[in-house]
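Participant:
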Amino acid sequence: MTRWRRPHPPDPGTVAATTAAGVFGCCAVLLTWSVVTGQGPSDWASATVPIVMTGSVAVLVWRAQRLGVFYGDRGLKVCHLWRTRVLPWPAVASVVSRRGETVGVGEGPAIWVVPCTGEEIETPLYRRRGSWFGQRSTTGKHLSPEAYDRAVRVLRQAIAAHRAG
Numbered sequence: 001m002t003r004w005r006r007p008h009p010p011d012p013g014t015v016a017a018t019t020a021a022g023v024f025g026c027c028a029v030l031l032t033w034s035v036v037t038g039q040g041p042s043d044w045a046s047a048t049v050p051i052v053m054t055g056s057v058a059v060l061v062w063r064a065q066r067l068g069v070f071y072g073d074r075g076l077k078v079c080h081l082w083r084t085r086v087l088p089w090p091a092v093a094s095v096v097s098r099r100g101e102t103v104g105v106g107e108g109p110a111i112w113v114v115p116c117t118g119e120e121i122e123t124p125l126y127r128r129r130g131s132w133f134g135q136r137s138t139t140g141k142h143l144s145p146e147a148y149d150r151a152v153r154v155l156r157q158a159i160a161a162h163r164a165g
């Protein structure tokens with residue numbers, strides 16, 4: 001069984017922010033449903049919509065907390081908000097750091113995985129620039145320069161360790 005590890009320390013700010021967003025999102029769904037219907041759900045049939053919507057918010061929050069890059073015995077796992085891609089070690093050529101291109105807007109330096117096929121894959125890990133303001137997004141995690149450099153170094157060491165056998 002593969003244990004996936006992060007190449008950077010956990011970010012308590014992201015965990016706290018996404019958890020708070022999830023709690024407020026679930027409360028907003030239930031409150032809105034109560035206001036729209038004029039009362040709380042009275043039976044299971046009428047409770048289906050708020051239960052499904054609350055579950056959707058919870059899944060979205062869970063996915064937001066799982067953003068990032070993980071490495072393990074099987075290879076590298078790149079987790080974005082809407083998709084996850086696992087690259088086995090033989091398919092990984094290198095890890096590079098260059099400008100991110102999320103949604104056509106430059107995000108600053110990002111970690112890219114270069115598969116042996118040559119098609120680079122942008123990860124959701126970015127180097128934080130300046131202040132925290134304006135850098136929180138659902139497109140990725142903004143790491144401190146030290147954590148970013150550590151993540152690049154750890155991923156390169158993991159690739160080298162796998163090649164060495």
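The end of the sequence shown is residue 165 by our numbering, with every number in the run present. Ideal Cβ placement from N, Cα and C applies to all residues, glycine included. This one's a predicted model, so the numbers in the text were calculated from it and none came from an experiment.
1. Just to confirm my understanding: we take G22, look at its own chain, exclude 5 residues before and 5 after, and list those with CB closer than 7 angstroms. What are they?
2. So, V78 versus I121, is the Cβ gap smaller than 9 angstroms?
3. Taking DSSP as the reference, what is the three-state secondary structure of C27?
4. Among the candidates A147, W33, R63, whose CA atom is the shortest distance from the CA of V15?
5. Can you tell me which of the three DSSP states W4 falls into?
6. With DSSP collapsed to three states, give me the class of P50.
7. What number of angstroms, rounded off, separates the C-alpha of P12 from the C-alpha of T19?
8. Which residues share a DSSP beta bridge with H142?
9. Starting from the Cα of Y126, find the closest Cα among F24, V69, G25 and give me that residue.
10. For the beta strand (DSSP E) containing G75, list its first residue and its last residue.
11. By how many angstroms is the C-alpha of C26 removed from the C-alpha of R6?
Facilitator: If we stick to the structure as given:
1. In the sequence shown, the residue the question calls residue 22 occupies position 22. Closer than 7 angstroms at Cβ, skipping near neighbours: V57, A58, V61.
2. In the sequence shown, counting from the first residue as 1, residue 78 sits at position 78. In the sequence shown, counting from the first residue as 1, residue 121 sits at position 121. Contact: yes.
3. By one-based count along the sequence shown, residue 27 stands at place 27. Correct three-state label for C27: helix.
4. As a first step, residue 15 must be located in the sequence shown, where it is residue number 15. Of A147, W33, R63, the residue nearest in Cα terms is R63.
5. Mapped onto the sequence shown, residue 4 falls at position 4. The answer is coil: DSSP assigns W4 none of H, G, I, E or B.
6. As a working note, residue 50 is residue 50 in the sequence shown. Correct three-state label for P50: helix.
7. Within the sequence shown, the letter at position 12 stands for residue 12. Within the sequence shown, the letter at position 19 stands for residue 19. Looking at the two C-alpha atoms, the distance is approximately 10 angstroms.
8. Taking the first residue of the sequence shown as position 1, residue 142 is located at position 142. Paired residues: Y126.
9. Residue mapping note: residue 126 aligns to position 126 of the sequence shown, counting from 1. When only C-alpha atoms are compared, the closest one is V69.
10. The residue given as residue 75 occupies position 75 in the sequence shown. That run of the beta strand (DSSP E) goes 75-79.
11. Taking the first residue of the sequence shown as 1, we reach residue 6 at position 6. Taking the first residue of the sequence shown as 1, we reach residue 26 at position 26. When rounded, the distance between both Cα atoms is 28 angstroms.
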